[in-house]
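**Student:**
Residue numbers (our numbering): 10 to 216.
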């Protein structure tokens, strides 16, 4: 069955439509949705079967991590150990097109962890994404919408439908995204390290 497309105003997301998308997630569904960098695939925190489907859709190795999309910095602090140093950096970088690596708290289940017990956290500066996480009431577990064997993410809902004939429950059309992945920054051990250069300016990290 082809997943329906939900067109949402990118600047002023309609609450009724956001609630519709949040219900799909709350019911254990997987959605295709926009962030401030690229389109992504997402599942609700705690929806184990939906998370397993994310791995299947991307054909990810079990050791590959998903990122956590949070509503704000206070939610980040629930899932990651945020020192004074890290908090200052987070305030500079988020919301924005950065994925920040931090050591986790006990709130994060083992199946989401790597050997270093770190995880990537995001607070995207995208009205649809922010409204969705707030309406859901808990974080999204997410991965960029790059189909297996491809180098670039899907840039719209038609791309996603072509790449994945099944497995996605709802496609959220929020218009074009920049199409470039987020910059990944590690703040582990109160040290700043750029792991991957992406949309977020690196000079903004290191200064």
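Cβ coordinates follow ideal geometry from the N, Cα and C atoms, glycine included.
Helix, strand or coil: which one does DSSP assign to residue 193?
**Tutor:** In this structure, residue 193 counts as strand in the three-state DSSP scheme.
**Student:** If we call anything under 7 Å between Cβ atoms a contact, is residue 104 one with residue 132?
**Tutor:** Their beta carbons are under 7 Å apart, which means residue 104 touches residue 132 by this criterion.
**Student:** According to DSSP, residue 128 sits in a beta bridge with which residue or residues?
**Tutor:** Bridge partners of residue 128: 111.
**Student:** For residue 119, which of 201, 71, 208 has the nearest alpha-carbon?
**Tutor:** Nearest of 201, 71, 208 to residue 119, Cα basis: 71.
**Student:** Quick check on residue 209: buried or exposed, where buried means 16 or more other Cβ atoms within 10 Å of its Cβ?
**Tutor:** Residue 209 is buried by the Cβ-count criterion.
**Student:** When burial is assigned at 16 or more other CB atoms within 10 Å of the CB, is residue 41 buried or exposed?
**Tutor:** Buried, by the Cβ-count rule.
**Student:** Based on DSSP bridge pairs, tell me the residues matched to residue 49.
**Tutor:** Bridge partners of residue 49: 42, 153.
**Student:** Reducing DSSP to helix, strand and coil, say where residue 202 ends up.
**Tutor:** Residue 202: strand per DSSP, three-state reduction.
**Student:** Based on Cα-Cα distance, which residue from 114, 204, 36, 168 lies nearest to residue 126?
**Tutor:** Considering only alpha carbons, the answer is 114.
**Student:** Whole angstroms is fine: what's the gap from residue 108's alpha carbon to residue 50's?
**Tutor:** Approximately 15 Å, taken between the alpha carbons.
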